[in-house]
Amino acid sequence: MEVAQFYIDSYHDAMDMLNILRPSIEPRASGHIIEQIKMIEKIFEAGYAYESNGSVYFDVIKYSKTNNYGKLSGRILDDLISNTRDLDGQDEKRNPSDFALWKKAQPEHIMRWESPWSIGFPGWHLECSAMSTKYLGETFDIHGGGMDLLFPHHECEIAQSMAANGKESVKYWLHNNMITINGQKMGKSLGNFINLTEFFTGKHKALTKAYSPMTIRFFILQAHYRGTQDFSNEALLAAEKGLKRLMQSFETIKKLKSSATSTSDIKKLQQNCYDAMNDDLNSPILIANLFEAVRIINSVKDNTETITADDLELLQKILSDFAIDILGLKDENVAANNDVVDDLMNLIIQLRQNARTNKDYATSDKIRDELAKVKIVVKDTKEGVVWNFEN
RNA sequence: GGUCUCUUGGCCGAGCGGUUAGGCACCGGUCUGCAAAACCGAUUACUCCGGUUCAAAUCCGGAAGAGACCUCCA
Numbered sequence: 149m150e151v152a153q154f155y156i157d158s159y160h161d162a163m164d165m166l167n168i169l170r171p172s173i174e175p176r177a178s179g180h181i182i183e184q185i186k187m188i189e190k191i192f193e194a195g196y197a198y199e200s201n202g203s204v205y206f207d208v209i210k211y212s213k214t215n216n217y218g219k220l221s222g223r224i225l226d227d228l229i230s231n232t233r234d235l236d237g238q239d240e241k242r243n244p245s246d247f248a249l250w251k252k253a254q255p256e257h258i259m260r261w262e263s264p265w266s267i268g269f270p271g272w273h274l275e276c277s278a279m280s281t282k283y284l285g286e287t288f289d290i291h292g293g294g295m296d297l298l299f300p301h302h303e304c305e306i307a308q309s310m311a312a313n314g315k316e317s318v319k320y321w322l323h324n325n326m327i328t329i330n331g332q333k334m335g336k337s338l339g340n341f342i343n344l345t346e347f348f349t350g351k352h353k354a355l356t357k358a359y360s361p362m363t364i365r366f367f368i369l370q371a372h373y374r375g376t377q378d379f380s381n382e383a384l385l386a387a388e389k390g391l392k393r394l395m396q397s398f399e400t401i402k403k404l405k406s407s408a409t410s411t412s413d414i415k416k417l418q419q420n421c422y423d424a425m426n427d428d429l430n431s432p433i434l435i436a437n438l439f440e441a442v443r444i445i446n447s448v449k450d451n452t453e454t455i456t457a458d459d460l461e462l463l464q465k466i467l468s469d470f471a472i473d474i475l476g477l478k479d480e481n482v483a484a485n486n487d488v489v490d491d492l493m494n495l496i497i498q499l500r501q502n503a504r505t506n507k508d509y510a511t512s513d514k515i516r517d518e519l520a521k522v523k524i525v526v527k528d529t530k531e532g533v534v535w536n537f538e539n
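What follows is the structure in structure tokens.
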């Protein structure tokens, strides 16, 4: 339990940093043994379970006579039977494709619960079916998961729920694909495994620098969830810059002035954003549209485009709705929420401005360079000097 | 070995038969004391070989390469 809690906590920490909302319920399998035993009993009553040597198995062959086992993963049962490898302990099953609902524990096994069949533990597909039924009902809308769980895990879930409840449990399945590192799959055995904390701190030999949680989030959103995605320093660097440009537009838009006419079709842009998300959550297309918004914002600022007050409001809403609420991005810039820092910076910038007025560029450049070393960026814009912390 | 998926320009990544995806990098320009930021412009594609079609990155067949699953770890 202590080990599990450690990893649950570090998982929560990482998810919080990525600005991922916490679920309302995070049920644990070990806390739902009773529900799982009850579900096995229901499957028994339906006639799709059998006991063998203290363990209970699901009769896939019988199930497939009236149901399509393999419909989610596109597998054919006959192929599965002929291609199953010879494994130890298969002799308890009537058929190699049958899967465990309850396993009798070996003497050394640490998971031990009482059940009508033996002291043991539930089969590894069962907890998902039992817990989802308990908290979401016999039928619920969306079931997510990684592509690697598609078969056999999710296929078995479908069969179990169907057998126990007599109806389809899930309306839509969402499977996200795997990630690769420099074109190679990420795997502990390959030694190229990078965890989130290592991304955030940059402490990994494959990383040349640290990448902020929002950079990672934005990077992931730039690829479609169903495709594989390749991590590399170059790609992460590109995402970091792109995100910076996107977030900068949030500041820029606040200062824009409206005109009598708009040179861009903002309503069309909004529709394009909705269309992108409606097309199987096509976040890369959505982001492309958001960059169109950025372009418009910057152009209005540069007086090469104009925008009406209504459109300006709509544009602000688009950014807020799609970038913040839907994509879950947030501004990571450290604000100067400290009056002392503000006063000091104003003083320094004043001194630098004096030097510039006197054409003492050696001094003004030195101030800028030295500030850059402590991660403070100074920019001379038409509207005046702007400074902020580099994150 | 079996089943399935993928292969896009320097990098990442959309695309589902005809229309500029987008981001980053690079090059030229505008602006700037310089830089940064921003804007404008240019350039670089569709693994290979056949086929279907007026038209293919997109459909079909084949080859090569990569990946996932085929494990009572969830």
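Here the first sequence is numbered in our numbering, starting from 149 and rising by one per residue. Beta carbons: idealized from backbone N, C-alpha and C, even for Gly. Being a predicted model, the structure only gives us computed values, none of them experimental.
Report all residues from its chain with a CB closer than 8 Å to the CB of Leu519; omit the five preceding and five following residues, and keep chain order.
Ile496, Val525, Val526, Trp535
Practice item. Could you check what DSSP says for Thr363 in three-state terms: helix, strand or coil? Key: helix
**Where Asp428 sits in the DSSP three-state scheme** = coil
Legend entry - DSSP state of Thr287 mapped onto helix, strand, coil: coil
To the nearest angstrom, how far is the alpha carbon of Ile173 from that of Val151?
20 Å
Is it true that the CB of His302 sits closer than 8 Å to the CB of Leu220? yes
Using a Cβ-Cβ cutoff of less than 6 Å, which residues in the same chain neighbour Val318 once the five nearest sequence positions on both sides are dropped?
His291
- Query: For Gly350, which residues of its own chain have a beta-carbon under 6 Å away from its beta-carbon, when the five flanking residues on both sides are left out?
  - Reply: Lys357, Ala358
Secondary structure at Phe269, three-state DSSP: helix, strand or coil? strand
Using the C-alpha atoms, what's the distance from Asp296 back to Ala371? 18 Å
query: Taking Cβ positions, are Lys252 and Asn201 nearer each other than 8 Å?
result: yes
6 Å Cβ shell around His160 - same chain, five flanking residues per side excluded: none
Next item on the list: Quick one: residues in its chain with C-beta nearer than 8 Å to the C-beta of Phe288, no 5 flanking neighbours on either side, listed in chain order?
Entry: Ser280, Ser317, Val318, Lys319
Beta-carbon separation (whole angstroms), Asn313 vs Ser380, contact threshold 8 Å: The Cβ separation is near 46 Å, so there is no contact.
Q) For the beta strand (DSSP E) that contains Ala354, what are its first and last residues? A) No beta strand (DSSP E) holds Ala354; DSSP gives it neither H nor E.
- Query: If you draw a straight line from the C-alpha of Asn324 to the C-alpha of Asp473, how long is it?
  - Reply: 21 Å
Practice item. Evaluate contact between the stretch 265-274 and the stretch 164-171, counting only Cβ atoms and requiring at least three cross-stretch pairs below 8 Å. Key: no
### Task
Mind checking which residues open and close the beta strand (DSSP E) that includes Asn536?
532-537
Pick out whichever of Asp458, Lys213, Phe247 has its Cα sitting closest to the Cα of Ser203. Phe247
Phe537 vs Asn481 beta-carbon contact at 8 Å
yes
Report buried or exposed for Phe206, applying the criterion of at least 16 other Cβ atoms within 10 angstroms of its Cβ. buried
Quiz item: Is the beta carbon of Tyr217 sitting closer than 8 Å to the one on Tyr196?
Solution: no
| Short Cβ contact (8 Å threshold) for Lys449 with Leu404 | yes
Run through the stretch 171-214 for me and flag every whole alpha helix (DSSP H) of 4 or more residues, listed as ranges in chain order.
181-194, 208-214
- Item | Contacting residues, own chain, Cβ-Cβ under 7 Å from Thr454 (five flanking each side not counted) | Ser407, Thr409, Ser410, Thr411, Val448
Sorted by chain position, which residues of the same chain lie with C-beta nearer than 6 Å to Ile515's C-beta, five sequence neighbours on each side aside?
Arg500
- Touch check for the stretch 389-400 and the stretch 421-430: three-plus C-beta pairs under 8 Å? no
For this session: Give me the Cα-Cα distance between Ile435 and Met362, rounded to the nearest whole angstrom.
Result: 14 Å
* Whole-angstrom distance between Lys507 and Asp469, CA atom to CA atom -> 46 Å
Smallest Cα separation from Arg443: which of Asp458, Leu467, Leu322, Tyr422? Leu467
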